[in-house]
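Residue numbers (my numbering): 2 to 128.
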Amino acid sequence: MKQASSGSAPNFQPCQIVCLDHENTRLYADVIQVVDSRQICWVRPLMLTIVSDDNANVLPTLYDLRQGADLVWPVTLFRPALDTEVIPLLMQLDAPDATADASEAHRQLSWFVRQVWQANQSDFQAS
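Below you can see the structure in the form of structure tokens.
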């Protein structure tokens with residue numbers, strides 16, 4: 002799902018947390034750098050959340066991506082993440098009972114990257 006454009010690209014700053022929504026999945030990432038001339042954003046993924054289609058009352062599945070690879074993607078795909086949505090998720094990641102499966106997190110991120118690329122090919126070609 003492409004974000005609505007207001008005529009100009011978002012003005013993100015380094016260390017700002019951004020979100021990329023696609024279907025029932027959200028990628029939250031930390032902005033490292035924005036290249037205005039190419040309208041691309043270098044981001045460091047933090048987490049991926051997947052909301053079940055079946056039941057909106059169920060907590061989303063959360064994958065820790067903090068040890069993964071960085072991404073360089075079109076800035077227009079991202080939106081600013083709200084503190085109220087990010088802080089509870091970050092607390093979940095750092096909870097003592099949180100389980101981390103790095104290989105499953107990597108697999109989910111790879112799937113997400115393919116899905117977003119297929120849905121937004123024109124944005125990637127313009128960058």
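Glycine is no exception: its CB is placed at the ideal position from the N, C-alpha and C atoms. Given the structure is predicted, the values throughout are model-derived calculations rather than measurements.
Non-local beta-carbon contacts of Val-35 in its own chain, meaning distances under 7 Å to residues more than five positions away in sequence, involve Phe-13, Cys-42 and Val-76 in chain order. When C-alpha distances from Ala-120 are compared across Val-52, Asp-95 and Glu-24, the shortest belongs to Glu-24.
In the three-state DSSP reduction, Pro-97 falls in the coil class, being neither helix nor strand.
Asp-22 has Arg-27 as its beta-bridge partners, per DSSP.
Taking 8 Å as the upper bound for CB-CB distance, Leu-49 and Thr-26 are in contact here, some 7 Å apart.
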